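Heads up, the thing below is written out as structure tokens.
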Amino acid sequence: MAGIAGYGAFIPRRRITTEEIARQWGKDPGTIQRGLLLQEKSVPGFDEDTITISVAAGRSALARSGVSPSRVGALYIGSESHPYAVKPSGTVVAEALGIGPDVHVADFEFACKAGTEAMFVALALVESKRVDYALAIGADTSQGAPDDALEFSASAGGAAYLFGRDDPLAEVVEAVSYTTDTPDFWRREGEFYPRHGGRFTGEPAYFKHVTAATSRILEKTGLEPGDFRFAVFHMPNGKFPLSVGKALGFTRQQIEPGWIVPTMGNTYSGSSPTGLAAVLDLADPDDLILITSFGSGAGSDSFVLRATGLLPQRRGLAPSVRSMLDGQHRYVTYGEYAKYREKIIVND
Amino acid sequence: MREVAIVAAGMTRFGELWGASLRDLFVEAAQQTVESAGADRVDAIYVGNMSAGQFVGQEHLGPLMADHLGMAGVPCIRVESACASGGVALRTAFLEVASGASDLVLAAGVEKMTDGADVTEVLATASDQETEVYHGATFPALYAMIARAHMLSHGTTEEDLAWVSVKNHHHGALNERAQFRREVTTDQVLGSALVSEPLRLLHCSPVSDGAAAVLLCPLDQAAQYTKTPVAIRGAAMATAAMALADRRDISFLDAVALSGAKAYEMAGIGPEQLDLAEVHDCFSIAEICCIEALGLAPPGQGRHCARTGETGLGGRIPVNTSGGLKSKGHPVGATGVAQVVELFEQLTGAAGARQVPDAEFGLAQNMGGTGASSVVHILQAV
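These protein sequence lines map, in sequence, to chains A and B.
Per this note's numbering, the first sequence starts with residue 19, numbered consecutively.
Per this note's numbering, the second sequence starts with residue 731, numbered consecutively.
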């Protein structure tokens, strides 16, 4: 059975607190902390972007798999912040990881589910035996307009998944996708910040699609919420994944290990994949894991995974998500944040 | 003039109705109304709408709405007076029936506000572009100035304002068509985010979609359509200076007082004979100003009424039993008609948990901008 042969994640070390952002705009931090369940978020430095995050996460995925980069036949990166509008992120990442040139490469975009979109396609190519190994990455240096609610969540990070048929760390039991045309959040060509429909991003968008994809995969597999040890739902803020999980019948205990948003923020395409990496850092053999992403526009991908005996042996070969979240980090002021996010106009 | 009756009323739920377009909303409310009267054709239609052109890029609502109601051919025009558009559409329909020009006229109001437009900017077009908007004023800011003036003149407090929201949410919780069917406490109101000092989020009515409609005919023909008609005894409109700076007293709404006085005179009753009122509480301060201008509270004393329960259900003069704009929602062009839908239900004993016992006279007051236009209707159970 095809599955995840290796995984890795990366989260930048800089952080900015909800309080610091709220103070800048004269908002009440307590209201936002309570309303969105967000304490702080990661901030990329000048030398960190979707490509560097992808390389770091991809290296860890290859390290955990023990697979030679030359055997990777496909590389897909899902992101809302590819550094180039035209020119793939994937080519840089492939070269940096020693993958190719006999490799199929593409950059994906589907708002916050571009990462799982890459995973879905990578898995299918491996299952069809078109390639032996396919690397799928979800990474972002997310954009959020100053003084928009998104500014409290939009953060940086990502995760990489190497799919293969032999010796997986976690088998893929099933994968489904659910998509409709629902314009809840968008960024037009040439615009720097995304726009969104406020509460329209909730019920008719996030909740509808996450619920539909999850219900369908449960139906298809005959599994029930109680069968899973872990569940990961896309994390646009702290509240949505807890609410949708509860409505679907999952407990806080199942969700909390992958619920990294309160201190990481929303890494858009990297959000649910990084949550999944945090869960793989903990899972025991035979644990069932559910992950459902959400991408505005809108759609959800849902996967059911089963951890294997190899997982505990391999996870020590690369840094854990919690070690990057809770380990060495540095808080920046709003001024530094504005500088790093290139919100200050300077002469070249 | 002929005596005029309302023989049927209908409305959509108010709220963020993402699945319904402008025409869907109108058709739902209009169809409910026409069907409940058993009428298959009307003589004319008036559609109150503030700003479909800016909210959804649609003007020329007359033929569009008549057509989608299955009544192409019937004269139908859109009537605009900012947030008083609905009330003014009703008054125009009243005049058409009263004059003898038509026998069966539909008065409706509709607004679709959640389709992506910058709502604050669109609403601001109802204030003075040259002397207010140009300088950065928005409606919350203008009503905040009214609130400040009221505080200075009459000692009104932020807590007084909060009680208006608490009362209207209490009423709205009983209304299945309300946008916010939940109670709030004064602590929640006073702890909500500041929008424009001293107004907080829970002092402000929401952005809403919705439609409402009522059907009018001569009182002596009402029996053809219903056993429980409601007579329109007063229908009056007045205007005042558009810009706050041009007013005699910022904390007193002249157009509301004038439209109220004309309506009372026409109906031959005074405020003390009213059993209930729906007033335009777009911000909590507005309800206080309106009940003072309408004589439901002595000048400067309106601030106490929500706290003491005088304007609550079971009180001396229940105000905004529907939940008001605050809790029921405020799809601007629909509001004036929806107020009258509430009165129609109250005066026909169909208001359920919100019923004011034995209600005979009800007043609806609907205004545009910061009260530069105001329209008042007085209805009587017959």
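For every residue, glycine included, the Cβ atom is placed at its ideal position computed from N, Cα and C.
What you are looking at is a predicted structure, and each value in this text was computed from that prediction instead of being measured.
Nearest to residue i (by Cα), restricted to the options the options
i: residue 212 of chain A; options: A:222, A:191, A:172; result: A:172
i: residue 279 of chain A; options: A:24, A:49, A:56; result: A:56
i: residue 794 of chain B; options: B:808, B:872, B:781; result: B:808
i: residue 740 of chain B; options: B:1092, B:1104, B:1071; result: B:1071
i: residue 921 of chain B; options: A:48, A:131, A:99, A:245; result: A:48
i: residue 961 of chain B; options: B:1075, B:1061, B:864; result: B:1075
i: residue 906 of chain B; options: B:1102, B:1103, B:1084, B:1107; result: B:1084
i: residue 805 of chain B; options: B:1042, B:812, B:789, B:823; result: B:823
i: residue 20 of chain A; options: A:71, A:100, A:192, A:80; result: A:192
i: residue 918 of chain B; options: B:1047, B:1050, B:892, B:752; result: B:892
i: residue 199 of chain A; options: A:158, A:168, A:292, A:317; result: A:317
i: residue 341 of chain A; options: A:295, A:364, A:119, A:353; result: A:295
i: residue 755 of chain B; options: B:1002, B:744, B:1046; result: B:744
i: residue 35 of chain A; options: A:217, A:243, A:51, A:103; result: A:51
i: residue 1008 of chain B; options: B:902, B:933, B:826; result: B:902
i: residue 1099 of chain B; options: B:810, B:897, B:802, B:899; result: B:810
i: residue 1005 of chain B; options: B:980, B:1047, B:850; result: B:1047
i: residue 924 of chain B; options: B:1022, B:860, B:874, B:865; result: B:874
i: residue 997 of chain B; options: B:1092, B:1012, B:871; result: B:1092
i: residue 91 of chain A; options: A:69, A:70, A:121, A:64; result: A:121
i: residue 195 of chain A; options: A:37, A:60, A:141; result: A:141
i: residue 184 of chain A; options: A:209, A:147, A:210; result: A:147
Secondary structure of residue i, DSSP reduced to three states
i: residue 324 of chain A; result: strand
i: residue 367 of chain A; result: Shown here, chain A extends from 19 to 366; a query on residue 367 of chain A therefore has no answer.
i: residue 151 of chain A; result: strand
i: residue 967 of chain B; result: strand
i: residue 864 of chain B; result: helix
i: residue 880 of chain B; result: helix
i: residue 157 of chain A; result: strand
i: residue 99 of chain A; result: coil
i: residue 907 of chain B; result: coil
i: residue 1084 of chain B; result: helix
i: residue 955 of chain B; result: coil
i: residue 962 of chain B; result: strand
i: residue 364 of chain A; result: coil
i: residue 933 of chain B; result: helix
Span of the beta strand (DSSP E), counted from its first residue to its last, around residue i
i: residue 192 of chain A; result: 188-200
i: residue 176 of chain A; result: 174-182
i: residue 1094 of chain B; result: 1091-1098
i: residue 924 of chain B; result: 924-926
i: residue 125 of chain A; result: 122-126
i: residue 1111 of chain B; result: 1103-1111
i: residue 28 of chain A; result: 21-28
i: residue 104 of chain A; result: Element bounds for residue 104 of chain A: n/a, residue is neither H nor E.
i: residue 60 of chain A; result: 58-61
Residue i - containing alpha helix (DSSP H), residue span
i: residue 287 of chain A; result: From DSSP, residue 287 of chain A is part of no alpha helix (DSSP H); its letter is neither H nor E.
i: residue 33 of chain A; result: Unbroken run through residue 33 of chain A is the beta strand (DSSP E), 32-35; no alpha helix (DSSP H).
i: residue 898 of chain B; result: 888-902
i: residue 739 of chain B; result: Run containing residue 739 of chain B: none in the alpha helix (DSSP H); it sits in the beta strand (DSSP E), 734-741.
i: residue 112 of chain A; result: 107-115
i: residue 939 of chain B; result: Unbroken run through residue 939 of chain B is the beta strand (DSSP E), 939-948; no alpha helix (DSSP H).
i: residue 758 of chain B; result: 752-766
i: residue 354 of chain A; result: 352-358
i: residue 1075 of chain B; result: 1062-1077
i: residue 145 of chain A; result: 132-145
i: residue 681 of chain B; result: Given a span of 731 to 1112 for chain B in the structure shown, any question on residue 681 of chain B remains unanswerable.
i: residue 79 of chain A; result: 68-83
i: residue 55 of chain A; result: That residue, residue 55 of chain A, is in no alpha helix (DSSP H); it is neither H nor E in DSSP.
i: residue 854 of chain B; result: 849-854
Inset, instruction - Can you check the region 773-840 of chain B for any beta strand (DSSP E) of at least 3 residues that lies completely inside it and give the ranges in chain order? - result: 774-778, 806-809
Legend entry - contact_flag[the region 168-188 of chain A, the region 276-290 of chain A] where n(CB pairs < 8 Å) is 3 or more: yes
Legend entry - Inter-stretch contact at 8 Å, needing at least 3 Cβ pairs: the region 110-117 of chain A / the region 294-303 of chain A: no
Legend entry - Completely contained beta strand (DSSP E) runs for the region 984-1055 of chain B, where each covers 3 or more residues: 1006-1008
Inset, instruction - Counting only runs of 4+ residues fully inside the region 237-313 of chain A, write out the alpha helix (DSSP H) ranges in chain order. - result: 257-266, 270-273, 279-282, 289-298
Legend entry - At least three beta-carbon pairs within less than 8 Å, the region 145-164 of chain A to the region 249-259 of chain A: no
Legend entry - Sufficient close CB pairs (3 or more, under 8 Å) joining the region 1024-1041 of chain B to the region 947-966 of chain B: no
Inset, instruction - Evaluate the contact criterion for the region 1051-1064 of chain B versus the region 961-971 of chain B: three or more CB pairs, one atom per stretch, below 8 Å. - result: no
Legend entry - Three or more C-beta pairs below 8 Å linking the region 1040-1052 of chain B and the region 973-982 of chain B: no
Legend entry - Three or more C-beta pairs below 8 Å linking the region 306-320 of chain A and the region 218-237 of chain A: yes
Inset, instruction - Pair every Cβ in the region 930-937 of chain B with every Cβ in the region 751-771 of chain B, then say whether three or more of these pairs are closer than 8 Å. - result: no
Legend entry - Inter-stretch contact (C-beta, 8 Å, three-pair minimum) for the region 988-1002 of chain B and the region 847-859 of chain B: no
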